[in-house]
Structures are given as C-alpha cells and as structure tokens.
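Numbering (my numbering), first residue to last: 677 to 758. Notes follow the structure.
What follows is the structure, given as structure tokens:
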C-alpha cells in the first residue's frame, strides 16, 4: 500500500495527506468542542474518501465503498453545520 501511495502524483499525496491530517486534528481533543470543527473534520474525511474513490475507479467495488463512505461523511458534516 505504501508503494502504491508513493507512486501517486505529488498533488494527490498533498491532498490526501492534508485531508487526513485535518480530519484527525479537528476530531481530536486539541481543538475546542465546537460543531464547526466536528463538521470540518467530517468534511475533510469526505474529501479524503472521494479522492481515493476516484483514484480507485478501476476496482468498482472499492470505488463504490469509498463513495458510500464519502456520502456518509457529507451527511454527518451537514448535520454538524446545521
């Protein structure tokens, strides 16, 4: 998996790494317990899952799983922002 990740373009590595870091950071106890931070965390996770879902479009099952996870993350993010 690491070999596969390292073979990706730089923009993809930066996007995925940043979104994963933001998701972990905003969901941690280091930030205040505010709905916008929780919503931002789930939104970053949705971008992460969408990027990997598009990247793995050759394998339809895995791509659909990532798309479903992205939709769930978007719904949870929307509920936190309301």
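Don't be surprised by glycine CBs; every beta carbon is placed ideally from N, CA and C. Computed from a predicted structure; not experimentally measured.
Relative to the C-alpha of residue 688, which candidate in 711, 710, 730 and 736 has its C-alpha closest? Taking only the C-alpha atoms, the option nearest residue 688 is 730.
In angstroms with no decimal places, state the Cα-to-Cα distance between residue 708 and residue 755. Those two C-alpha atoms are separated by around 18 Å.
Could you give the DSSP three-state label for residue 736: helix, strand or coil? Here residue 736 sits in helix by DSSP.
Check for me: the alpha helix (DSSP H) holding residue 692 runs from which residue to which? Looking at the DSSP string, the run of the alpha helix (DSSP H) that includes residue 692 is 686-702.
Is it buried or exposed, residue 726, if we count other Cβ atoms within 10 angstroms and call 16 or more buried? Around the Cβ of residue 726, a 10 Å sphere holds 16 or more other Cβ atoms; the residue is buried.
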